[in-house]
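Below: one structure, written as structure tokens.
In my numbering, the protein residues as written are 98 to 225.
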């Protein structure tokens, strides 16, 4: 099951600073999703090995997750809130605000053989 992480936020008259000091893996890949003007769902898979941390650094989106036991939806709407997604967590990123920038920090480099495209059970269609 994914785990929400509260990141420290430091604010003063210069603005806000959020720090991600400790994650339970060494990052090998960073990418971000943005300009999803039609708010189409992304993801729709799980992994054999890859762990991920997701952060909506701007705007908001929702993450639907299914670990074969529990289905849950998480709202990412603050840059000091992160979601740790484990390999067994089927996940769909959806309901993107027009200004959303979703940063993904991954434990593995891209490898198509690491992706599992079959869900555990029927999942909602977030594009309909």
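Glycine residues also receive a C-beta, built at the ideal position from the N, C-alpha and C atoms.
Coarse secondary structure for residue i, derived from DSSP in three states
i, result
"residue 103", "strand"
"residue 209", "helix"
"residue 98", "coil"
"residue 156", "coil"
"residue 214", "coil"
Residue i vs residue j beta-carbon contact at 8 Å
i, j, result
"residue 206", "residue 126", "yes"
"residue 204", "residue 148", "yes"
"residue 161", "residue 188", "yes"
"residue 180", "residue 151", "yes"
"residue 99", "residue 171", "yes"
"residue 158", "residue 173", "yes"
"residue 184", "residue 115", "no"
Endpoints, beta strand (DSSP E) assigned at residue i
i, result
"residue 169", "168-173"
"residue 146", "No beta strand (DSSP E) contains residue 146, which DSSP labels as neither H nor E."
"residue 179", "178-182"
Reference residue i; option with closest CA among the options
i, options, result
"residue 154", "104, 110, 182", "104"
"residue 212", "218, 142, 179", "142"
"residue 186", "137, 135, 133, 217", "217"
"residue 197", "177, 133, 182, 172", "133"
Does the region 182-195 come into contact with the region 118-125, if we say contact requires no fewer than three beta-carbon pairs (one atom in each stretch) closer than 8 Å? At 8 Å Cβ cutoff, the stretches do not touch.
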